[in-house]
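As given, the protein sequences belong to chains A and B, one line each in that order. Quick note: the first sequence uses UniProt numbering, first residue 1, plus one each step. Quick note: the second sequence uses UniProt numbering, first residue 1, plus one each step. The structure appears below as structure tokens.
Protein chains: 2
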Amino acid sequence: MSTYTIKDVAQQFQLPISTIRYYDEKGLLPFVARDVHGNRVFTDSDLNLIKTIVCLKTTGMPLKQIRQYIQLCLQGPTSIPQRQALLAQHKAAVLQQQQALAQALQEIEVKLNRYSAPNAVGMIQAELAYVAQEKAALDLPNAFAH
Amino acid sequence: MSTYTIKDVAQQFQLPISTIRYYDEKGLLPFVARDVHGNRVFTDSDLNLIKTIVCLKTTGMPLKQIRQYIQLCLQGPTSIPQRQALLAQHKAAVLQQQQALAQALQEIEVKLNRYSAPNAVGMIQAELAYVAQEKAALDLPNAFAH
DNA sequence: TTAGACCCTCAACCTAGGTTGAGGGCAAGG
DNA sequence: CCTTGCCCTCAACCTAGGTTGAGGGTCTAA
């Protein structure tokens, strides 16, 4: 059972010290104690909660919502239903995000494949020609190289 | 072969009109032509490129980098190597992002499972007791319900 | 010929999420 | 006893990515 300084925590989670202080200021770390000099003192349990915070942040949860979750945690077991609701909703959001990401990634891969195809230059030229024809047919200026 | 107004484009991509104008202002849409009144005129090819832009945005690419990609596209086939490099690098970033997301999601699921376990209340109480003991042993104040 | 629905620009404003710097305190080692 | 390296607060500043509103033009249908 030991304690950690803000620097330790920063290193462990690969965050700037300023960010940890910012999170504290924003109410995400109400559980962190202070020593006689006002210095933050982190315990192992604190690290556990911070790990959860980082995890929620990684998945894109806004800090306000994270703060809300932490406040529910402070309240003890009575808030379990609310915590469940909050996390379940967030989980759904993350799943959607994963979907979107995977789909977009596929399109990027399609582009990449085009670029590494043997006749990539020819294909791009053909596309450019199509654009040129389209713009010309509509009497519009064409910003592409031609 | 037809043309589209900014409103059409906004609807198609589910973006506010203001965002499309903002992207244009930021140099992401240099290929969009104007009619005699200064109104933007979008072609089918334009929509294709915008689809790519949206895709890059979805995967978290900063607008500055997207602009760079678009500018490479304007230059014709000579910029294929640079485009390839840019997209390959971005693809790697997206893969990492997916990894992180999946891992964080797992932790969230672990939490959720805890909360829906039959003896969730007991477990949470035990955790709280542990925290209380830890803080007490170190002579620190405890912010949790107890 | 006027109302409604489009379109435009430009400048101001906004939120999230931090970062930076000034000004100051405590403690250990030389 | 002083330098180095931690820690602190508070206020200012910053970037990204938009949004909003004023002020004004065009076109169509009643």
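All C-beta atoms in this analysis are idealised placements derived from N, C-alpha and C, irrespective of residue type, glycine included.
Is residue i buried or exposed, if buried means 16 or more other CB atoms sit within 10 Å of its CB?
i                : result
lysine 135(B)    : buried
serine 2(B)      : exposed
tyrosine 130(A)  : exposed
leucine 29(B)    : buried
alanine 104(A)   : buried
isoleucine 53(B) : buried
isoleucine 80(B) : buried
histidine 90(B)  : buried
threonine 43(B)  : buried
threonine 59(B)  : buried
serine 83(A)     : In the sequence on display, residue 83(A) carries arginine and not serine. Arginine 83(A) should be labelled buried.
isoleucine 66(B) : buried
Taking only the alpha-carbon atoms, compute the straight-line gap between residue i and residue j and give it to the nearest angstrom.
i                   : j                 : result
glutamine 11(A)     : valine 36(A)      : 24 Å
leucine 49(B)       : leucine 56(B)     : 11 Å
asparagine 39(A)    : isoleucine 70(A)  : 21 Å
tyrosine 22(B)      : glutamine 125(B)  : 51 Å
glycine 27(A)       : isoleucine 20(B)  : 36 Å
lysine 111(A)       : alanine 85(B)     : 12 Å
glutamate 107(B)    : lysine 51(A)      : 10 Å
isoleucine 6(B)     : leucine 140(A)    : 16 Å
glutamate 127(A)    : histidine 146(A)  : 11 Å
leucine 72(A)       : asparagine 142(B) : 15 Å
serine 116(A)       : threonine 78(B)   : 13 Å
alanine 92(B)       : glutamine 98(B)   : 10 Å
phenylalanine 13(B) : methionine 123(B) : 46 Å
glutamine 68(A)     : alanine 88(A)     : 14 Å
aspartate 8(A)      : alanine 132(A)    : 59 Å
methionine 61(B)    : leucine 74(B)     : 19 Å
isoleucine 17(B)    : leucine 101(B)    : 31 Å
phenylalanine 31(B) : arginine 114(A)   : 21 Å
leucine 138(A)      : valine 41(B)      : 10 Å
leucine 15(A)       : asparagine 119(A) : 46 Å
Does the beta carbon of residue i come closer than 9 Å to any beta carbon on chain A?
i                : result
asparagine 39(B) : no
isoleucine 50(B) : no
lysine 135(B)    : yes
arginine 67(B)   : no
arginine 21(B)   : no
serine 116(B)    : yes
leucine 28(B)    : no
isoleucine 17(B) : no
leucine 63(B)    : no
isoleucine 53(B) : no
Within 9 Å of any Cβ in chain B, is that where the Cβ of residue i sits?
i                   : result
leucine 95(A)       : yes
lysine 111(A)       : yes
glutamate 127(A)    : yes
glutamate 25(A)     : no
alanine 9(A)        : In the sequence on display, residue 9(A) carries valine and not alanine. Valine 9(A) does not count as touching chain B.
valine 4(A)         : Per the sequence shown, residue 4(A) should be read as tyrosine rather than valine. Answer no: the Cβ-Cβ gap between tyrosine 4(A) and chain B never drops below 9 Å.
phenylalanine 13(A) : no
serine 45(A)        : yes
So which of the options has the shortest CA-CA distance to residue i?
i                    : options                                 : result
valine 121(A)        : Phe13(B), Gly76(B), Pro118(B)           : Gly76(B)
phenylalanine 144(B) : Thr5(A), Met61(A), Asp46(A)             : Asp46(A)
glutamate 109(A)     : Leu112(B), Ile6(B), Leu95(B)            : Leu95(B)
leucine 63(B)        : Arg34(B), Glu25(B), Leu74(B)            : Glu25(B)
arginine 34(B)       : Ala102(B), Tyr4(B), Ala88(B), Pro118(B) : Tyr4(B)
Would you list the residues sitting across from residue i in a DSSP beta bridge?
i             : result
alanine 41(B) : Rather than alanine, the amino acid found at residue 41(B) in this sequence is valine. Paired residue(s): Ala33(B).
tyrosine 4(A) : Phe42(A)
Does the Cβ of residue i lie closer than 8 Å to at least one heavy atom of the ligand ZN?
i                : result
glutamine 125(B) : In terms of ligand content, the structure shown is empty, and the ligand ZN therefore cannot be addressed.
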